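Enquirer: Let me begin by handing over the structure; questions about it come next.
Protein chains: 4
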Amino acid sequence: MTDVTIIGASGYAGAELIRILANHKECKIRHLVAKGSKNRCFEEVFPSLGYLTELRGMVVGDVDEDFSLKTDPAVNDTDVVFLALPHGASVPFVKACLEKNKNVIDLGADFRFHDVATYERWYGHHEAPELCSDTVYGLVEMHRDLIPDHGLIANPGCYVTGATLAMLPLVEAGCVDLDSLIFDSKSGISGAGRGLKEGSLYGECSESIKAYGVASHRHTPEIEQNLSEAAGRPLTISFTPHLTPMNRGILTTAYAKLNEKGKKADLEAIFRNRYEGEPFIRVLPRGKMPETKWIQGTNYVIIGFTVDPRTERVIVCSVLDNLVKGAAGQAVQNMNVMYGFDEREGLTMLPIFP
Amino acid sequence: MTDVTIIGASGYAGAELIRILANHKECKIRHLVAKGSKNRCFEEVFPSLGYLTELRGMVVGDVDEDFSLKTDPAVNDTDVVFLALPHGASVPFVKACLEKNKNVIDLGADFRFHDVATYERWYGHHEAPELCSDTVYGLVEMHRDLIPDHGLIANPGCYVTGATLAMLPLVEAGCVDLDSLIFDSKSGISGAGRGLKEGSLYGECSESIKAYGVASHRHTPEIEQNLSEAAGRPLTISFTPHLTPMNRGILTTAYAKLNEKGKKADLEAIFRNRYEGEPFIRVLPRGKMPETKWIQGTNYVIIGFTVDPRTERVIVCSVLDNLVKGAAGQAVQNMNVMYGFDEREGLTMLPIFP
Amino acid sequence: MTDVTIIGASGYAGAELIRILANHKECKIRHLVAKGSKNRCFEEVFPSLGYLTELRGMVVGDVDEDFSLKTDPAVNDTDVVFLALPHGASVPFVKACLEKNKNVIDLGADFRFHDVATYERWYGHHEAPELCSDTVYGLVEMHRDLIPDHGLIANPGCYVTGATLAMLPLVEAGCVDLDSLIFDSKSGISGAGRGLKEGSLYGECSESIKAYGVASHRHTPEIEQNLSEAAGRPLTISFTPHLTPMNRGILTTAYAKLNEKGKKADLEAIFRNRYEGEPFIRVLPRGKMPETKWIQGTNYVIIGFTVDPRTERVIVCSVLDNLVKGAAGQAVQNMNVMYGFDEREGLTMLPIFP
Amino acid sequence: MTDVTIIGASGYAGAELIRILANHKECKIRHLVAKGSKNRCFEEVFPSLGYLTELRGMVVGDVDEDFSLKTDPAVNDTDVVFLALPHGASVPFVKACLEKNKNVIDLGADFRFHDVATYERWYGHHEAPELCSDTVYGLVEMHRDLIPDHGLIANPGCYVTGATLAMLPLVEAGCVDLDSLIFDSKSGISGAGRGLKEGSLYGECSESIKAYGVASHRHTPEIEQNLSEAAGRPLTISFTPHLTPMNRGILTTAYAKLNEKGKKADLEAIFRNRYEGEPFIRVLPRGKMPETKWIQGTNYVIIGFTVDPRTERVIVCSVLDNLVKGAAGQAVQNMNVMYGFDEREGLTMLPIFP
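Structure follows, in structure tokens:
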């Protein structure tokens, strides 16, 4: 059995890692660590998971400023460490783990960018730029071959996963005008995290939808990095995230102008060929669009598309669960590929419906 | 007192007309008519309104095939008739009313198009094309001067109102590339009506968001008609509606490329000048975006915008309540202008929050 | 015009007072005060109300520890002060107002109990017991005659209003076993207030229902006070509140054993006679039950009941909007009675449906 | 592998069976049958499940009036048949299956009553009373020993499971006044099924709670049957179901007067001893209450309780997922016990949170 430590176990992504890993045949949760946990038992942090699993009674380690991970059992007694922390918080943990030759899958943003300057433009100063070049960006559908036996995986952002997978095949195939890409994404409220913010109260965000971070959201350069890699040249996109009154799910509606090649191409075949054999991607027949509820609680991405002949635009919709394929599920998928487990292990759960 | 008849009183737009008109100082509801009402008392159709108002006990007239409106008291004993019917159903009622010199405000689509051919391309055969040219399209902020004393007003579509008002000032001012307009709209479930459809069940549409009618929704040509009028030349747009798990509200996120004039212009001033004095439009400071909950249950439209210098696009968000400014409220606003009442009469209600 | 000050304007009850009073013909909002408001403009505190009303730009006065209300214009320049504060916080404000001969309507619990010992058993030490005897408990349907020209009104608790009104007629009529009363209440999330608590996050309370404060909720002795007054002797009840995933509304399901008198009585007549002429109470035909959505955003209470012959119990359901009849609406109703305004003034709004 | 047929595959309970069985190691779904399915492919009936599983493309057999199950492969080629049908519809299928020596687990009400007269009083005429005595009532926690190798299992009702398990230990232990039992239950909307009813529309049931079937719901005699069996004598209860605006979950708040024995007993020990070793029951420490979200999507029941010394009542809260432990999960649990599989097989999924 592979021993697992989760650092950041009191947030929604951390809880989702636990939900998945508690049923994973190849590994065992050894340590849970969370800021402000005050060494409470896990059922006090997440009654929903704590009362139902063997984790009941497990003490959740606290992280204080003087906490030295180098000598901490949470790192020493484990094989792989999942970090589910806000950006900027991962660096000391990553360093400690790599020093001890522990594998790390980081769900935060700190190591997602090849180009440190891009990171710093959108997020601020980076504490360990030297580690960035040594990291694999873990969008499995793009980088599956790079992941095995790698020590540090940067797990992609939730919006980024949905936006990239929606447009990747058409960009790789050279079918769209690269200056025309617009991604309009609608996320469930869990995307805002478990922190206490007025905007996350039921009273404020239920029965309402809003745009936020317009023209300034930090997932923008990450989508650009992926699609630039696919296109073979730098490109710029528009990305608008919205908070939608539901717990989970991201629907991304992507718009692009078809170029001459794209107007003639069989777009459905391009999608199908690109994702053939992918265990977690489904492509719908042209004109049929997915709903986020269809993938609630699962690691799947479903993609639909249509072409508007009046405007010569292709419109692509992708749906995923932001906490699963957009976070914890993709992280486990990365671990499965890293260790050579069945890529679907722990990830076969089907959607709750309704 | 002006006597009012509502035909189509069993749907959500009909109920909203009743909610507003029951507190309107200048008029009185005389007749309610609804298909399939079987002459039930109103509280059986809408307990929420029926038990609380003087309408309790009022018999809701039924509409069957042989129903002859010409001799019906629902038309004879009234001054103004509101039609809240599916498209295609309004024509016989409109004819009967006009013959009797009754004013009509039609919330359906039948008389919204100047160009009958456009209507027929998107909706099918029109039964009374000769009446189309005699109609005023009742988007008050565009056509206020045409409405007084007019007999037949076509009330705009819900999505159309939000999309048009979001982009109207910039199109009129010549600030945007007219081929670049994209409207991504998110509507509450009430927009799908009160009909029994599997997709409108709580279990199917709660906790989920989906696109529908992509590149084919019938509000597309209506937005185009309005903005073409504003631009002074025909234009084509992309429009994608989505169903969002909330009862009311439409958020439209509109994208446009700024042209050379637009890049230099003071966009906030353009918005403010265009809507100065409008009783139901609010423009937010640049960079601040509205939420649909802010206008829940009201006749207001709130508009926010920002510019993305990286892509030279302007992104505009508008919010409205699809049943109020998007339907019944705008219809009452039209009546107020038609009769010279205070334009705000009956429409001063503030948003339910939370 | 009567000048009004609202202290506690940043919570949901405060916002609801503003929503109602902004359309009240007899009064004008002169001052808004809220803890932690940092003298921000009102639209920063409640954009939904601030951007749409003349209150835009009004500075919300802050309340700090040294704040002396005696010399504050918020009290000096006003006629009536509404307090929407947590229990325990009202005393200094009430004293300052009464000293200046200002009328006070207190939405908190501090002055609801005739018997200070009862207050102190459930809430802790009372700072001004001498004022308790001088207060009218403002459940209008019980104490309408005591309210006019009174200086200090204690506005009833939200659960209390629904539970009391559900059982009041049967208790007054002597139809039920007084030891058998059970109130099982289901409240919307706004009842938990606007404070930042993990349990109020959308992610935690949406799609879930829970009981809380079981056998210990502070509204218990207040229901007992009302029904003991109605019964003419002390009684004890069971009361269980629940948090329900909706914004507004309380449904109380009340159970009582019918006594011999009750088994023979015409219960519907008892309900109808007791509430005849009440502007905000509606009684449904026996066997028909109300839904909270029917009164969303309104000051109405709707009551339904049935009798179970197998168990000889009567089951009564009452619904109200916890922020309106359960808080701000009832407070305005009290002001209307206090000043001799039309009791319905400002309170004629009908329910948002859907 | 055990071959499974699901009849009634187009409703929510049918879908839930599929969600669970698709990941069950010991069996394989061979046939899906649903009324009105018109032999559509499964992804047309449930896209959420169809597009993600090997069931994509499986034709869903239709059931028409002349359909003879005796010769139907849906029965012939299978080992166990799950019936997820409205009450009254199971009889012909049960007969056909038993004739062919196929095992049947019936999720409907037809075979839940030992006493046919009770069934007929609440449901109407029974078509096959002779089969009732030969059935095991499959509440595993009561009848685990009777289930193995039995041919016809009647799966309990959703409300019944939660209400029974909440009060079973105290009734068995003789701690409560048997005439004082009241069950106030709050169910998610999926309990109303997937049928097209106005009351199940998002617009009607979101943001609202209501009681229904007060003093007349058909689960009442089933709870009475279970608790009478536990008490060793007939008893009568009050039961009030409510529809709550959430997809899944039932919270039952149960009230009982403690008798002399109950006042002295260690109630927590009674609960813990009764459910010790039960794989799907969790008992919380006294005074701590569960929330339905804690068991969303799982087969668990969590029970909390407290005692109110003022009224000498015990209040017990139980939560379960109405589609899992309240329907499909319990049915699979029955199958597991019937066939000697690990009782937890297929049922280890943990709750979606949030």
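Chain order of the listed sequences is C, Y, H and G. Using our numbering, read the first sequence as starting at 64 and increasing by one per residue. Using our numbering, read the second sequence as starting at 64 and increasing by one per residue. Using our numbering, read the third sequence as starting at 64 and increasing by one per residue. Using our numbering, read the fourth sequence as starting at 64 and increasing by one per residue. Glycine included, each C-beta is placed from N, C-alpha and C at the ideal position. The structure displayed is predicted, hence computed values, not measured ones.
In chain H, what lies closer than 9 Å to Y:Tyr363 by C-beta?
Expert: Along the second sequence, one-based indexing puts residue 363 of chain Y at 300. By Cβ distance, chain H contributes Tyr114 and Leu115.
Enquirer: Evaluate H:Lys133 with the Cβ neighbour count: other Cβ atoms within 10 Å of its Cβ, from every protein chain shown; 16 or more gives buried, anything less gives exposed.
Expert: Working through the third sequence from its first residue, we reach residue 133 of chain H at position 70. Caution is warranted here: a pLDDT of 48 is assigned to H:Lys133, below 50, making its placement in the model unreliable, and the coordinate value is therefore given only provisionally. Exposed, because fewer than 16 other Cβ atoms sit within 10 Å of the Cβ of H:Lys133.
Enquirer: Got a sec: is the Cβ-Cβ distance from G:Ile252 to anything in chain Y below 8 Å?
Expert: To locate residue 252 of chain G, count along the fourth sequence from 1; it is residue 189. Taking Cβ atoms only, chain Y reaches closer than 8 Å to G:Ile252, which makes this a yes.
Enquirer: Identify whether H:Ser243 lies in helix, strand or coil by the three-state DSSP scheme.
Expert: Reading the third sequence from its first residue, position 180 is the one you call residue 243 of chain H. If DSSP states are grouped into helix, strand and coil, H:Ser243 belongs with coil.
Enquirer: Taking only three categories from DSSP, how would you classify G:Gly409?
Expert: Position 346 of the fourth sequence, counted from the start, is the residue given in the question as residue 409 of chain G. Coil at G:Gly409, not helix or strand.
Enquirer: Considering only residues of the same chain and omitting the five flanking positions on each side of C:Leu161, which have a CB-CB separation below 8 Å?
Expert: Start at 1 with the first residue of the first sequence, and residue 161 of chain C comes out as number 98. Val167, Leu194, Gly214 and Leu215, listed in sequence order.
Enquirer: Per DSSP, what are the beta-bridge partners of H:Pro304 in this structure?
Expert: As a first step, residue 304 of chain H must be located in the third sequence, where it is residue number 241. Paired residues: H:Ser248.
Enquirer: Would you identify the three-state DSSP class for G:Leu233, choosing helix, strand or coil?
Expert: Locating residue 233 of chain G in the fourth sequence gives position 170, counting from the first residue. Residue state, collapsed to three classes: helix.
Enquirer: What does a CB cutoff of less than 7 Å around G:Arg93 pick up in its chain, not counting 5 residues either side in sequence?
Expert: Here residue 93 of chain G refers to the residue found at position 30 when the fourth sequence is read from its first residue. Excluding residues within five positions, the ones whose Cβ falls inside 7 Å are Asp66, Val67, Thr68, Asp140 and Thr141.
Enquirer: Could you check what DSSP says for C:Asp129 in three-state terms: helix, strand or coil?
Expert: Looking up residue 129 of chain C in the first sequence gives position 66. Low confidence applies here, because C:Asp129 scores a pLDDT of 40, under 50, leaving its location unreliable; read the following figure in that light. The answer is coil: DSSP assigns C:Asp129 none of H, G, I, E or B.
Enquirer: On the CB-based measure, 16 or more other CB atoms within 10 Å of its CB, does Y:Gly201 come out buried or exposed?
Expert: For the purposes of this step, residue 201 of chain Y is identified with residue 138 of the second sequence, where counting begins at 1. Its Cβ being crowded by 16 or more others within 10 Å, Y:Gly201 is buried.
Enquirer: Is there a C-beta anywhere in chain C that falls below 8 Å from the one on G:Arg82?
Expert: Residue numbering aside, residue 82 of chain G sits at position 19 when the fourth sequence is read from its first letter. Closer than 8 Å: yes.
Enquirer: Would you list the one or two residues that DSSP bridges to Y:Thr68?
Expert: If you number the second sequence from 1, residue 68 of chain Y lands on position 5. Looking at the DSSP assignment, Y:Thr68 forms a beta bridge with Y:His94 and Y:Val144.
Enquirer: Let me check understanding here. Comparing Cα to Cα, which of Y:Tyr75, Y:Cys90 and Y:Asn86 lies closest to Y:Thr411?
Expert: Translated into the one-based positions of the second sequence, residue 411 of chain Y becomes position 348. Check the Cα spacing between Y:Thr411 and each of Y:Tyr75, Y:Cys90 and Y:Asn86: the tightest is with Y:Asn86.
Enquirer: Got a sec: is the Cβ-Cβ distance from Y:Glu128 to anything in chain H below 8 Å?
Expert: On the second sequence, residue 128 of chain Y is found 65 positions in, with the first residue counted as 1. Note on Y:Glu128: pLDDT 44, under 50, position unreliable in the model; the coordinate value appears next. Closer than 8 Å: no.
Enquirer: Listed from N- to C-terminal order along the chain, which residues in the stretch 263-296 of chain Y have their beta-carbon within a distance smaller than 9 Å of any beta-carbon of chain C?
Expert: Leu264, Tyr265, Gly266, Glu267, Cys268, Ser269, Glu270, Ser271, Ile272, Lys273, Ala274, Tyr275, Val277, Ala278, Ser279 and Thr283
Enquirer: Measure the CB-CB distance between H:Ala317 and H:Met230 and report whether it falls below 8 Å.
Expert: On the third sequence, position 254 is the one that residue 317 of chain H refers to. On the third sequence, position 167 is the one that residue 230 of chain H refers to. Taking 8 Å as the Cβ cut-off, H:Ala317 and H:Met230 qualify as a contacting pair.
Enquirer: At what residues does the beta strand (DSSP E) containing C:Val370 begin and finish?
Expert: What you label residue 370 of chain C is simply residue 307 of the first sequence in a count that begins at 1. Note, C:Val370: beta strand (DSSP E), Val364 to Asp371.
Enquirer: What are the residues in the stretch 297-318 of chain H lying within 8 Å of chain G by C-beta distance?
Expert: Thr299, Ile300, Ser301, Thr303, His305, Thr307, Pro308, Met309, Asn310, Arg311, Gly312, Leu314, Thr316 and Tyr318
Enquirer: Would you check if the stretch 323-332 of chain G and the stretch 292-305 of chain G touch, i.e. whether three or more CB-CB distances between them fall below 8 Å?
Expert: The stretch 292-305 of chain G vs the stretch 323-332 of chain G: no contact.
Enquirer: Does chain H have any CB closer than 8 Å to the CB of G:Glu331?
Expert: Residue mapping note: residue 331 of chain G aligns to position 268 of the fourth sequence, counting from 1. It does not; no Cβ of chain H falls within 8 Å.
Enquirer: 8 Å is my cut-off, CB to CB: does G:Lys133 come that close to chain H?
Expert: Locating residue 133 of chain G in the fourth sequence gives position 70, counting from the first residue. Confidence in G:Lys133 is poor, its pLDDT being 49 and thus under 50, which makes the residue's placement unreliable; the coordinate value appears in the next sentence. With 8 Å as the cut-off, G:Lys133 does not count as an interface residue toward chain H.
Enquirer: Beta-carbon separation of C:Leu264 and H:Leu80 under 8 Å?
Expert: The residue labelled residue 264 of chain C in the question sits at position 201 within the first sequence. The residue labelled residue 80 of chain H in the question sits at position 17 within the third sequence. Going by C-beta atoms, C:Leu264 is not nearer than 8 Å to H:Leu80.
Enquirer: How far does the beta strand (DSSP E) with Y:Asn166 in it reach, from first residue to last?
Expert: Walking along the second sequence from the start, residue 166 of chain Y turns up at place 103. Per DSSP, Y:Asn166 belongs to the beta strand (DSSP E) from Asn166 to Asp169.
Enquirer: I'd like the list of long-range same chain contacts for G:Ser73, defined as Cβ closer than 8 Å, with 5 residues on each side in sequence excluded.
Expert: Here the question's residue 73 of chain G lines up with position 10 in the fourth sequence. So the qualifying residues of the chain are Ala97, Lys98, Gly99, Ser100, Val108, Phe109, Val123 and Arg257.
Enquirer: Under 9 Å, CB to CB, which of the residues in the stretch 345-378 of chain Y have a partner in chain B?
Expert: In the displayed structure, chain B is absent; the protein chains listed are C, Y, H and G.
Enquirer: Look at the alpha carbon of H:Glu106 and the alpha carbon of H:Leu118, and state the distance between them as a whole number of angstroms.
Expert: As a working mapping, residue 106 of chain H is identified with position 43 in the third sequence. As a working mapping, residue 118 of chain H is identified with position 55 in the third sequence. The alpha-carbon atoms of H:Glu106 and H:Leu118 are separated by roughly 8 Å.
Enquirer: Between C:Thr315 and C:Ala226, how many whole angstroms is the CB-CB distance? I'm expecting something under 8 Å.
Expert: Counted from its first residue, the first sequence places residue 315 of chain C at position 252. Counted from its first residue, the first sequence places residue 226 of chain C at position 163. Their Cβ separation, rounded to whole angstroms, is 5 Å, which keeps C:Thr315 and C:Ala226 in contact under 8 Å.
Enquirer: How would you write the range of the alpha helix (DSSP H) that C:Lys320 sits in, first residue to last?
Expert: Taking the first sequence and counting its residues from 1, one reaches residue 320 of chain C at position 257. Per DSSP, C:Lys320 is not a residue of any alpha helix (DSSP H); the beta strand (DSSP E) it occupies stretches across Ile313 to Lys320.
Enquirer: So is H:Thr224 in contact with chain Y if we call contact Cβ pairs under 8 Å?
Expert: Residue numbering aside, residue 224 of chain H sits at position 161 when the third sequence is read from its first letter. Closer than 8 Å: no.
Enquirer: Which residue's Cα is closest to the Cα of G:Ile300: G:Arg281, G:Glu267, G:Gln393 and G:Pro155?
Expert: Locating residue 300 of chain G in the fourth sequence gives position 237, where the first residue counts as 1. Looking at the Cα atoms, G:Arg281 is the closest of the given residues.
Enquirer: What's the call for Y:His188, buried or exposed, on a 16-neighbour Cβ count within 10 Å?
Expert: Your numbering for residue 188 of chain Y matches position 125 in the second sequence. Exposed, by the Cβ-count rule.
Enquirer: In or out: C:Asn102 buried (at least 16 other Cβ within 10 Å) or exposed?
Expert: In the first sequence, counting from the first residue as 1, residue 102 of chain C sits at position 39. So C:Asn102 counts as exposed.
Enquirer: Does the ligand MG have even one heavy atom less than 7 Å from the beta-carbon of C:Pro417?
Expert: Summarising the ligand content, the structure contains no ligands, and the ligand MG is consequently not present.
Enquirer: Put Y:Tyr75 into one of helix, strand or coil per three-state DSSP.
Expert: Translated into positions along the second sequence, residue 75 of chain Y becomes position 12. In the structure shown, Y:Tyr75 adopts helical secondary structure according to DSSP, grouped into three states.
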